[in-house]
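These notes are about the structure you will find just below.
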Amino acid sequence: MNVRFMKRTMAAMMAVGALAAGAGAAQAEDAKVGFIYVGPIGDHGWSYRHDIGRLAIEEALGDKATTTYVESVPEGADAERVIRQLAQTGHNLIFTTSFGFMNPTLKVAEQFPDVKFEHATGFKRTDNVSTYAARFYEGRYIAGVIAGKMTKSNIIGYVGSFPIPEVVRGINSFMLGAWSVNPDVQVKIVWANTWYDPGKEGDAAKALIDQGADIMVQHTDSPAPLQVAENRGILGFGQASDMIKFAPKAQMSAIVDNWDKYYVARAQAIVDGTWESIDTWGGINTGMVEMAPYTNIPDDVKAMAEEIEAKIASGELHPFTGPIYDQAGELRIAEGAVADDGMLLGMDWYVKGIDAELPK
Amino acid sequence: MLIRLEPRRQHSQAMVYLSPVLAIILTLMAGMVIFSIMGKDPLRALHTFFILPVNNIYGITELFVKATPLVIIAIGLAMGFRANVWNIGAEGQLTMGAIFGGGLALLFHDSTSVFLLPAMLVMGALGGAFWAAIPAWLRTRFNANEILTSLMLTYVGVLVLSYLVHGPWRSPDGFNFPESRPFPAAALLPVIYDGTRVHLGSLIALLAVVGGWILLSKSVIGFQLRVVGKAPQAARHVGFRQKRMVWFTLLLSGGLAGLAGLFEVAGPIGQLQPQISPGYGFTAIIVAFLGRLHPVGILFGGLIMALTYLGGELAQIMMGLPNAVTGLFQGILLFFLLACDVLTKYRVRFGSAAPKGRAA
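Protein chains in written order, with this note's numbering: chain Z, 177 to 536; chain S, 36 to 395.
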């Protein structure tokens, strides 16, 4: 685009005086890594875990890397400006950690070809934009197995964020896991229509418990639903990070995002000059998805969960192994086949047996 | 020594203009204290917050991009507030404007017609006005409080948008993610300064300032607005029709909010997505009061408010300050503004002597 203009503004910013330390991105050997988060780092979930990954870069690379973050950036017109500000202030590697940052990331990346971008959970890549995500559905399958064993009312309460493929995939995987040990389990889903709003999330959890749920599952970022579970004396799972300190008596495990290894490797690639645009979708096998310690469950259930975790890690078990039918009764995955990544990425149907309608 | 407040016989004209300036100075001083307590260099922090965002052309244009929706919405709201019509639902009217105008862009997604954009502007304004017409009708027909109805319709509007981008208007190439297809070039607002994001909407915002000023100070209906607000009894005696005021101010403020929403989606965002506004409709209420419900004041108020957002982003990038500092600044500013308002109605007296003629 307008390169001359960019250079002028960059020069202007640097002239302000040592504020943009370490600018001059292209030649710099050291990594200057910027992050933008959709929530506050204190959400104890999604953004919090990305921030832990940021700190891992500082820890691992020492004085070879400096990091910066901007939190609570709305997924609207503001994102593009923040990403550009990071690019303009000499950051040479920028992680944009929410799906809604996809198009702004691409727009800025086009104007800063020397800066490398990493977009979480998206599907558009270019020469200087990588994508990465984690196979959380693997963890959700294990959670489903545990829930199927532990529920007495056979009603699971599920707090969803938005009916996007990632969340739908999680619900399907969870229920396939639950039905593998207990065919009578049913799930009740409430859409909070937010990623982070402790009040709304907590209200959704209360409504679900009032409908008879005795296991709480969430796909929103705050510990609120799990805290409600703790207060009402039922069991549940943590989301994105180990939330045991919020629910010492309720958390059975948590599906933990571990970005540390990936972030360190990508920052190291900048230092080494070996960064390339790639697509990464890591699961339990790469350590990107971890299960928090199994607690508040009997030993036999724990042993079963550990066994399934090992099988998923080794590739022996795939949560989406056919035959799998959708709600209309159509065969989506044939007997013996497993879902390919394309199907998983665009999943917009519930598996047969889920007694709910997907909001369209 | 005692400090006493003595009522003024007449509102101080000088203080009407001085108190916002005083409030800003006090805010800056309070900010310096806070930064010092946080262990940051206060001067550098203020520099980062208020100077750095606008020390280059790109930054200034971004300030306009951010201030545009705030100013446009606040002008409309101020008209209503002057006539005691409390439209709190501008956020919903903004969303409806984006839906009506953006829907046209999606309907004609392969159009190259020069009439598309003007038609979208009209539809955007109509969408917002339509959404504001509901509280207007409920108020004039059933005497329902427009504060409640307009506020509640906000949530309905946001959910309608959510439904559309999750369902019928979802992009066919978007892996079922909730976003519309990108608008065609003919549906995008022209950028008025090459290489930046500042668009036609910013010029229209300036027109709204001028138009609002003319309406308020030169037109009969502007006079009626002020009389209805300040002396409803008198207004009734001379035959000004209150219902007409309700309709006029709600349709005007709704239409302007709808226009602002359309500018966001046809400007910096370029498509429909679940989140299009980080609460501009609510922030504009603050902007309206910051600007003394006067169009020119609102222009300055909008720019200052926008600056605190931009500064907050840079303060995170440059100094590692948390995002909460932005909200803190806005809160302090409002606090001092309201506090300084006292000075327009009261006079500060030092000394302990009993005032003469204190009536019982």
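Yeah, the Cβ is synthetic: ideal placement off N, Cα and C, and Gly gets one too. Just so we're clear, the structure is a prediction, and the values are computed from it rather than from any experiment.
Query	Result
As a quick exercise: from A443(Z), V393(Z), D433(Z) and I500(Z), pick the residue whose alpha carbon is nearest that of I331(Z).	V393(Z)
Drop a sphere of 10 angstroms on the beta-carbon of P330(S), count the other beta-carbons inside from all chains shown, and report buried for 16 or more, exposed for fewer.	buried
Between the stretch 297 to 316 of chain Z and chain S, which residues of the former have CB atoms less than 8 Å from a CB of the latter, in chain order?	F299
What residues are listed by DSSP as bridge partners for I42(S)?	Position check: residue 42(S) holds Pro in this sequence, whereas Ile was assumed. In DSSP, P42(S) forms a bridge with Y381(S).
What does the alpha-carbon distance come out to for the pair R382(S) and L373(S)?	15 Å
With DSSP as the reference, label W367(Z) as helix, strand or coil.	strand
Within the 7 Å Cβ cut-off, does G193(Z) reach chain S?	At G193(Z), the pLDDT of 38 sits below 50, so the modelled position is not reliable; the number obtained from the coordinates is stated separately. Cβ-Cβ to chain S under 7 Å: no for G193(Z).
Tell me the DSSP secondary structure of Q503(Z) in three-state form.	coil
Going by DSSP, what residues sit across from G336(Z) in a beta bridge?	W367(Z)
Does the stretch 444 to 452 of chain Z come within contact of the stretch 423 to 432 of chain Z, defined as at least 3 CB pairs closer than 8 Å?	no
Which residues in the same chain as R39(S) place their Cβ atom closer than 6 Å to its Cβ, once the five residues preceding and following it in sequence are excluded?	R384
Ordered along the chain, which non-local residues of its own chain (more than five positions away) have a Cβ less than 8 Å from that of P267(S)?	N119 and Q277
Mapping DSSP to helix, strand and coil, what is H329(S)?	coil
What does a CB cutoff of less than 8 Å around K283(Z) pick up in its chain, not counting 5 residues either side in sequence?	E256
At a CB distance below 9 Å, what residues from the stretch 249 to 279 of chain Z approach chain S? Give them in sequence order.	V249, P250, E251, G252, A253, D254, E256, R257, V258, R260, Q261, L262, Q264, T265, H267, F275, G276, M278 and N279
Tell me which same chain residues have a C-beta within less than 6 Å of the C-beta of A489(Z), skipping the five on either side of it?	I460 and N461
Kindly list the residues whose CB is nearer than 7 Å to the CB of H18(S), restricted to its own chain and excluding five residues on each side of it in sequence; keep chain order.	As shown, chain S starts at 36 and ends at 395. That puts residue 18(S) outside it, with no answer to give.
Could you give the residue range of the alpha helix (DSSP H) that holds V244(S)?	L235 to K253
By Cβ distance, which residues of its chain are closer than 6 Å to V89(S), with the 5 residues on each side in sequence left out?	I95 and L98
For Y245(Z), which residues does DSSP report across the bridge?	F211(Z)
What are the complete alpha helix (DSSP H) segments, minimum 4 residues, inside the stretch 431 to 474 of chain Z?	436 to 448
According to DSSP, what are the bridge partners of Y190(S)?	In DSSP, Y190(S) forms no bridge with anything.
I need the straight-line Cα distance from T379(S) to Q48(S), nearest angstrom please.	7 Å
Can you tell me whether D516(Z) is helix, strand or coil according to DSSP?	coil
Going straight from the alpha carbon of A202(Z) to that of P289(Z), what length do you get?	Note on A202(Z): pLDDT 44, under 50, position unreliable in the model; the coordinate value appears next. Cα-Cα distance, rounded: 9 Å.
Going by the beta-carbon positions, is the gap between L269(Z) and A368(Z) smaller than 7 Å?	no
For a cutoff of 7 Å on Cβ pairs, would you count L237(Z) as touching chain S?	no
In terms of residues, what are the limits of the alpha helix (DSSP H) holding K292(Z)?	Run containing K292(Z): none in the alpha helix (DSSP H); it sits in the beta strand (DSSP E), K292 to A296.
Helix, strand or coil for L402(Z)? Go by DSSP, reduced to three states.	helix
Is the Cβ of V357(Z) closer than 7 Å to any Cβ of chain S?	no
With a 10 Å radius around its C-beta and 16 neighbouring C-beta atoms as the bar for buried, classify Y52(S) as buried or exposed.	exposed
Pull up the distance between the alpha-carbon of I333(S) and that of M464(Z), whole angstroms please.	49 Å
Go ahead and pull the three-state DSSP assignment for R408(Z).	coil
Where does A416(Z) fall in DSSP's three states?	strand
Pick helix, strand or coil for L269(Z), following the three-state DSSP scheme.	strand
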